[in-house]
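In what follows, a single structure is set out as structure tokens and then discussed.
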Amino acid sequence: MEIRARLKYVAQLDKNSVGASGYKIRSLYFDNYADKAVTEKLSGLSRREKFRLRYYNDDPFFIRLEKKAKSNRLCYKENSLITQE
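If you read the sequence shown in numbering that gives the first Met the number 0, its first letter stands for residue 0, the second for the next number, and so on.
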């Protein structure tokens with residue numbers, strides 16, 4: 000509790016947060032049959048990318064398709080909202 004009390008002066012809640020309780024994230028990661036994404040991660044490859052579906056707070060009507068790419072220590076994310084259809 001002490002840490003939260005101190006952090007409220009220097010940090011803001013994430014935009015997906017539902018009050019002080021935080022939020023839930025549901026993610027589904029994609030890989031190929033050779034497990035390319037997980038193999039690159041475990042081997043420490045400096046340039047890699049992965050794809051996932053993600054939604055927050057048990058709201059399956061707000062779904063994002065996300066691409067996360069890394070090059071050395073730089074990280075870049077792209078996302079697009081999709082529907083259940």
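The C-beta atom is built at its ideal place from N, Cα and C for all residues, glycine as well.
Every value quoted in this text rests on a predicted model; they were computed, and no experiment measured them.
Please state if the CB of arginine 53 and the CB of isoleucine 24 are separated by a distance shorter than 8 angstroms.
Position 25 of the sequence shown, counting from 1, holds the residue named residue 24. Position 54 of the sequence shown, counting from 1, holds the residue named residue 53. Yes. Within cutoff.
With 16 as the cutoff for other CB atoms within 10 Å, does alanine 36 come out buried or exposed?
Within the sequence shown, the letter at position 37 stands for residue 36. With 16 or more other Cβ atoms within 10 Å, it is buried.
When you compare each of Leu73, Gln83, Gln11 and Gly21 to phenylalanine 61 by their alpha carbons, which one comes out closest?
One-based indexing of the sequence shown puts residue 61 at position 62. Looking at the Cα atoms, Gln83 is the closest of the given residues.
Touching or not, the stretch 5-22 and the stretch 41-49, by the rule of three or more beta carbon pairs under 8 angstroms?
Verdict: no, contact absent.
Taking only runs that begin and end inside the stretch 43-82, name each unbroken beta strand (DSSP E) of 3 or more residues, in chain order.
Those beta strand (DSSP E) runs which fall completely within the stretch 43-82 and span 3+ residues are 46-55, 62-70 and 73-81.
Out of Lys66, Ser79 and Arg72, state which residue places its alpha-carbon closest to the alpha-carbon of tyrosine 99.
Residue 99 is absent from the structure shown; the chain starts at 0 and stops at 84.
Only counting the same chain, and skipping five residues up and downstream in sequence, which positions put a Cβ closer than 7 angstroms to that of aspartate 30?
Taking the sequence shown and counting its residues from 1, the one referred to as residue 30 is at position 31. Closer than 7 angstroms at Cβ, skipping near neighbours: Ala36 and Val37.
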